[in-house]
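Asker:
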Amino acid sequence: MRSAIKKKIDKVKEVSEKLKQGKNFSILNLKGLPSSLLQKIRKDIRGKGEVLVLRKAVLGRVLKENPSLQSLVGYADHTVALIISEYLPAQLAEMLRASGVRVYAKAQQISPYNIDVEEGETALPPGPALSELKSVGIQAQVKGGKIAIAKKATICKSGDKISLQAAKVLRMLAIKPFTLFGRLLAGIDSDRVSYSEELLTTPASYYVDGLRIAAGQACSLAVNAGYINGMSVSIFLKNALGQAQGLTLNAGIVNDESIKFILSGAMASGNALGEKIPVAPAPAEGEKPAA
7 MRSAIKKKID KVKEVSEKLK QGKNFSILNL KGLPSSLLQK IRKDIRGKGE VLVLRKAVLG
67 RVLKENPSLQ SLVGYADHTV ALIISEYLPA QLAEMLRASG VRVYAKAQQI SPYNIDVEEG
127 ETALPPGPAL SELKSVGIQA QVKGGKIAIA KKATICKSGD KISLQAAKVL RMLAIKPFTL
187 FGRLLAGIDS DRVSYSEELL TTPASYYVDG LRIAAGQACS LAVNAGYING MSVSIFLKNA
247 LGQAQGLTLN AGIVNDESIK FILSGAMASG NALGEKIPVA PAPAEGEKPA A
């Protein structure tokens with residue numbers, strides 16, 4: 007008993023010391039996470055971070071003892087791991103999404119989107135597999151000694167539970183419809199800014215696209231309101247240049263900018279006029295040209 011208590015105390019001291027040296031902290035959800043994927047995550051951040059899988063009591067104790075990590079204490083009662091790394095929680099979340107692995111569907115699993123089987127040949131030989139495919143609504147036929155899908159089919163719709171038969175067929179066809187990756191539940195960065203699960207599960211591209219759209223709308227508003235700032239000034243200058251060029255052309259003013267437009271216009275007018283002037287036929291050989 008005393009040995010177990012001493013081990014617990016030593017572990018708390020060891021982890022507490024790591025927390026003091028750490029920069030960014032993230033809570034990784036271990037529920038439903040295969041051990042192989044956990045090992046992959048450890049390998050991916052090796053040298054830049056560490057994944058700590060601790061007893062709930064130890065995790066709760068070390069978090070409570072660290073004033074800057076109080077917002078993470080509630081996660082100690084869940085099946086989680088603590089990641090200490092050089093990566094910001096948002097950066098780590100992106101890395102985990104990018105390093106996900108494709109997995110087979112499981113029976114009774116709710117599909118977040120339609121699962122389709124595309125038209126084309128399969129590696130399945132004729133036999134019982136043909137009936138298996140047809141049992142889930144797939145139009146299949148034997149072609150060239152193999153089973154072929156005659157028409158694209160949806161075997162599970164978004165929001166529906168995947169049937170046992172559908173899961174079996176997908177495995178037969180070697181179709182892995184889902185991507186499994188480590189999910190962060192919360193995080194705190196080196197500036198002690200907290201990250202919520204919603205923020206960490208939303209791809210960075212969503213915010214980048216949103217900022218791009220907002221910036222475009224703000225720029226349009228500034229231009230329409232006649233407000234000059236760092237974003238709208240280039241548009242105002244382009245508009246002013248265009249208006250100045252139009253004014254010089256209409257007034258017949260020749261300068262370095264207008265000369266090329268004036269010459270181009272003159273050339274076009276000359277070509278148009280030349281097309282309207284009849285061209286005399288060339289004189290026959292030995293014939294004198296008309297006076």
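With the sequence shown counted from 1, adding 6 to any position gets you this note's numbering. Yeah, the Cβ is synthetic: ideal placement off N, Cα and C, and Gly gets one too. Since we're looking at a predicted model, the values are computed, not measured.
1. Nearest-angstrom Cα distance between Leu190 and Gln249?
2. Compute the distance between the beta-carbons of Ile33 and Tyr81, then report whether it is under 7 Å.
3. Quick one, are the C-beta atoms of Ile153 and Ala159 less than 7 Å apart?
4. Going by beta carbon distance, what residues of the same chain come within less than 6 Å of Pro118, once the five residues before and after it are set aside?
5. Select from Lys54, Lys37, Leu36, Leu75 the residue whose C-alpha is nearest the C-alpha of Ser200.
6. Determine the direct distance from the alpha carbon of Leu102 to that of Pro183, and round the result to whole angstroms.
7. Relative to the C-alpha of Ala156, which candidate in Ile265, Lys29, Val123, Leu43 has its C-alpha closest?
8. Spell out a yes or no on whether the region 40-55 and the region 103-115 are touching, meaning 3 or more CB-CB pairs, one atom from each, closer than 8 Å.
9. Hey, Leu69 and Asn30 are a contact pair by Cβ (cut 8 Å); roughly how many whole angstroms apart?
10. Which runs of the alpha helix (DSSP H) at least 4 residues long sit entirely within the region 95-155? Give them in chain order.
11. To the nearest angstrom, how far is the alpha carbon of Arg218 from that of Ile241?
12. Using beta-carbon positions only, say whether Gln171 and Ser137 come within less than 7 Å of one another.
13. Under a three-way DSSP split, which group does Arg52 fall into?
14. Between Leu60, Ala99, Pro73, Lys149, which lies nearest to Thr208 when the distance is taken from Cα to Cα?
15. For the candidate residues Ile181, Ala246, Ala96, Thr128, whose alpha-carbon lies nearest to that of Glu204?
16. Residues in the same chain with beta-carbon distance under 6 Å from Val239, minus the five sequence neighbours each way, listed in chain order, please.
17. Go ahead and label Ser275 buried or exposed: buried means 16 or more other beta carbons lie within 10 angstroms of its beta carbon, across all protein chains shown.
18. With a threshold of 16 other CB atoms inside 10 Å of the CB of Ala257, please say whether the residue is buried or exposed.
19. Could you compute how far the alpha carbon of Leu25 sits from the alpha carbon of Ile90?
20. Quick one: Cα of Lys112 to Cα of Lys62, how far?
21. By DSSP's criteria, Leu186 is part of a beta bridge. Which residues make up the other side?
22. Buried or exposed, going by whether 16 or more other CB atoms sit within 10 Å of the CB of Ala192?
23. For Ala87, which beta-bridge partners are listed by DSSP?
24. Residues bridged to Val57 by DSSP?
25. By Cβ distance, which residues of its chain are closer than 6 Å to Val214, with the 5 residues on each side in sequence left out?
26. Please determine, among Thr128, Ile234, Asp83, Gln251, the residue with the shortest C-alpha to C-alpha distance to Met178.
Answerer: Based on what the coordinates show:
1. In the sequence shown, counting from the first residue as 1, residue 190 sits at position 184. In the sequence shown, counting from the first residue as 1, residue 249 sits at position 243. Going by the C-alpha atoms only, they are around 55 Å apart.
2. Indexing the sequence shown from 1 puts residue 33 at position 27. Indexing the sequence shown from 1 puts residue 81 at position 75. Yes; because the gap between Cβ atoms is below 7 Å, this pair is in contact.
3. Reading the sequence shown from its first residue, position 147 is the one you call residue 153. Reading the sequence shown from its first residue, position 153 is the one you call residue 159. For Ile153 and Ala159, no; Cβs fall outside 7 Å.
4. Locating residue 118 in the sequence shown gives position 112, where the first residue counts as 1. Correct list: empty, nothing qualifies.
5. Position 194 of the sequence shown, counted from the first residue, corresponds to residue 200. It is Leu75.
6. Counted from its first residue, the sequence shown places residue 183 at position 177. Counted from its first residue, the sequence shown places residue 102 at position 96. Computed Cα separation, rounded: 18 Å.
7. To locate residue 156, count along the sequence shown from 1; it is residue 150. Taking only the C-alpha atoms, the option nearest Ala156 is Val123.
8. yes
9. Indexing the sequence shown from 1 puts residue 69 at position 63. Indexing the sequence shown from 1 puts residue 30 at position 24. The Cβ separation is near 15 Å, so there is no contact.
10. 95-104, 134-140
11. Residue numbering aside, residue 218 sits at position 212 when the sequence shown is read from its first letter. Residue numbering aside, residue 241 sits at position 235 when the sequence shown is read from its first letter. Between Arg218 and Ile241, the C-alpha separation is close to 17 Å.
12. Position 165 of the sequence shown, counting from 1, holds the residue named residue 171. Position 131 of the sequence shown, counting from 1, holds the residue named residue 137. Their beta carbons are not under 7 Å apart, which means Gln171 does not touch Ser137 by this criterion.
13. Locating residue 52 in the sequence shown gives position 46, where the first residue counts as 1. Of the three classes helix, strand and coil, the one that applies to Arg52 here is strand, per DSSP.
14. Working through the sequence shown from its first residue, we reach residue 208 at position 202. Closest by alpha carbon: Ala99.
15. Walking along the sequence shown from the start, residue 204 turns up at place 198. With distances taken between Cα atoms, Glu204 lies closest to Ala96.
16. Here the question's residue 239 lines up with position 233 in the sequence shown. Cβ neighbours of Val239 beyond the five flanking positions: none.
17. Position 269 of the sequence shown holds residue 275. Looking at its Cβ environment, which holds fewer than 16 other Cβ atoms inside 10 Å, Ser275 is exposed.
18. As a working note, residue 257 is residue 251 in the sequence shown. Answer is exposed; the Cβ neighbour count stays below 16.
19. Here the question's residue 25 lines up with position 19 in the sequence shown. Here the question's residue 90 lines up with position 84 in the sequence shown. Whole-angstrom Cα-Cα distance: 8 Å.
20. Locating residue 112 in the sequence shown gives position 106, counting from the first residue. Locating residue 62 in the sequence shown gives position 56, counting from the first residue. Roughly 29 Å between the two C-alpha positions.
21. To locate residue 186, count along the sequence shown from 1; it is residue 180. Leu186 pairs with Val107.
22. As a first step, residue 192 must be located in the sequence shown, where it is residue number 186. Looking at its Cβ environment, which holds 16 or more other Cβ atoms inside 10 Å, Ala192 is buried.
23. Position 81 of the sequence shown holds residue 87. In the DSSP output, where bridge partners are listed per residue, Ala87 has Leu34.
24. Along the sequence shown, read from residue 1 onward, the residue named residue 57 stands at position 51. Per DSSP, Ile89.
25. Walking along the sequence shown from the start, residue 214 turns up at place 208. Here the set comprises nothing.
26. By one-based count along the sequence shown, residue 178 stands at place 172. Among Thr128, Ile234, Asp83, Gln251, the Cα nearest to that of Met178 is on Thr128.
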